[in-house]
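Respectively, the protein sequence lines represent chains R and D.
Numbers 29 to 141, taken from the numbering used here, label the letters of the first sequence in order.
Numbers 29 to 141, taken from the numbering used here, label the letters of the second sequence in order.
Note that CB positions come from ideal geometry on N, CA and C, so glycine has one too.
Below is one structure, written out as structure tokens, with a few remarks after it.
There are 2 protein chains.
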Amino acid sequence: MSTAASTAEVSDIQVGAPPRRQLTKVFKALSDGTRQEILRLLEGHQRTVGEIVGNFNLSQPTISRHLSVLKEAELVVDQRQGQNVIYRLNDEALSASMRSFFGQFRSCQHSLR
Amino acid sequence: MSTAASTAEVSDIQVGAPPRRQLTKVFKALSDGTRQEILRLLEGHQRTVGEIVGNFNLSQPTISRHLSVLKEAELVVDQRQGQNVIYRLNDEALSASMRSFFGQFRSCQHSLR
DNA sequence: TGAACCCCTGACCCAACGGTTATGAGCCGT
DNA sequence: ACGGCTCATAACCGTTGGGTCAGGGGTTCA
Numbered sequence: 029m030s031t032a033a034s035t036a037e038v039s040d041i042q043v044g045a046p047p048r049r050q051l052t053k054v055f056k057a058l059s060d061g062t063r064q065e066i067l068r069l070l071e072g073h074q075r076t077v078g079e080i081v082g083n084f085n086l087s088q089p090t091i092s093r094h095l096s097v098l099k100e101a102e103l104v105v106d107q108r109q110g111q112n113v114i115y116r117l118n119d120e121a122l123s124a125s126m127r128s129f130f131g132q133f134r135s136c137q138h139s140l141r
Numbered sequence: 029m030s031t032a033a034s035t036a037e038v039s040d041i042q043v044g045a046p047p048r049r050q051l052t053k054v055f056k057a058l059s060d061g062t063r064q065e066i067l068r069l070l071e072g073h074q075r076t077v078g079e080i081v082g083n084f085n086l087s088q089p090t091i092s093r094h095l096s097v098l099k100e101a102e103l104v105v106d107q108r109q110g111q112n113v114i115y116r117l118n119d120e121a122l123s124a125s126m127r128s129f130f131g132q133f134r135s136c137q138h139s140l141r
């Protein structure tokens, strides 16, 4: 038992951390350049779908699909506001996913606070 | 300018950070459960292909292709040793990718050292 | 109610992905 | 040189993924 935790024997997984299936969803969501770009757009600002579409040379349905993938991965949150639907980053989920995956690797723990 | 760097005005991108195309490769590589599992196997130990195959109910060629995807993403490094080929984690690339992507988001910067 | 706007969903197409089997290349032992 | 072991690659197949266009549901305003 090298790095044994307190009570549980196999406790690689932190409490409150996303389960593995969800983590795979997250990486699938991040594995597309357009979706990465969308996340960058949402950093800081919340934006309507139309605003997001305006930043790409892609059709509105295509962006809508990307957004639903990001929502499924819980990386973004949407909220209806009149005619518009506003998307914003789900900050907690983003950093939780990051910590839960990369925390498994010694070389990354150095970089985690 | 909260965490402004020295000279450059727009320096979201760290020096020595992987370019975006490479980052997408990394997330694509991470977006498969088997490949995530392989990385966990390689944490700490280096292993031969045969040892890795022994941990899955998948054929040797399948694992071999997964390994080549991970290698393309520079998440692992291989090295011939006699009959065997030994794979090990590429620690630097892993943590560099993590920092370079998640560093873009305020909510994640809190967790980065 | 109806028109206009914003966005999502369905149906479809082609490319990419993950799995398989078969085969071959590279390295050892005898 | 040969046989056996390890691993990678080629060819193939079904599924998933990302794109399009067409259409429809929700909301606002007159």
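- Around the C-beta of Pro-89/D, fewer than 16 other C-beta atoms lie within 10 Å, and the residue is accordingly described as exposed.
- One finds Gln-132, Phe-133, Arg-134 in chain R with Cβ atoms closer than 8 Å to the Cβ of Glu-71/D, taken in chain order.
- Gln-42/D sits in coil when the DSSP states are folded into three classes, being neither helix nor strand.
- Looking only at Ala-124/R, Arg-134/R, Phe-133/R, the smallest Cα-Cα distance to Ala-45/R is reached by Ala-124/R.
- According to the DSSP assignment, Asp-106/D belongs to the beta strand (DSSP E) that extends over 104-109.
- For Arg-116/R, the enclosing beta strand (DSSP E) covers residues 112-117.
- With at least 16 other beta carbons inside 10 angstroms of its own, Asn-118/D counts as buried.
- Residue contact check for Arg-93/R against chain D: no CB pair falls below 8 Å.
- Under DSSP, Arg-75/R takes part in a beta bridge, and its partners are Tyr-115/R.
- In this structure, Thr-76/R is the residue among Thr-76/R, Arg-127/R, Phe-55/R with its C-alpha nearest to the C-alpha of Gly-110/R.
- Annotated as proximal: Glu-71/D and Gln-132/R, with beta-carbon spacing under 8 Å.
- Within the same chain, Glu-102, Leu-103 come within 7 Å of Ala-121/R by CB-CB distance, once the 5 residues on both sides are set aside.
- Distance from the CA atom of Lys-99/R to the CA atom of Arg-141/D, rounded to whole angstroms, is 28 Å.
- The beta carbons of Phe-55/R and Leu-58/D sit about 4 Å from each other, so the pair counts as a contact at 8 Å.
- Leu-140/R is bridged by DSSP to Leu-140/D.
- Your pair Ser-128/D and Leu-51/D checks out as a contact, with CB atoms roughly 7 Å apart and the cut at 8 Å.
- Scanning chain D for C-beta atoms nearer than 9 Å to the C-beta of Asp-119/R yields Phe-133, Arg-134, Ser-135, Cys-136, reported in chain order.
- According to the DSSP assignment, Phe-55/D belongs to the alpha helix (DSSP H) that extends over 48-58.
- DSSP places Leu-67/R in the uninterrupted alpha helix (DSSP H) bounded by 61-70.
- Contacts with chain D (Cβ-Cβ distance below 8 Å) from the region 99-112 of chain R involve no residue at all.
- Our two residues, Val-113/R and Arg-63/R, have alpha carbons roughly 17 Å apart in a direct line.
- Residue-level contact check: Arg-127/D touches chain R, since one or more beta carbons of chain R fall below 8 Å from its beta carbon.
- Annotated as distal: Leu-86/D and Tyr-115/D, with beta-carbon spacing of 8 Å or more.
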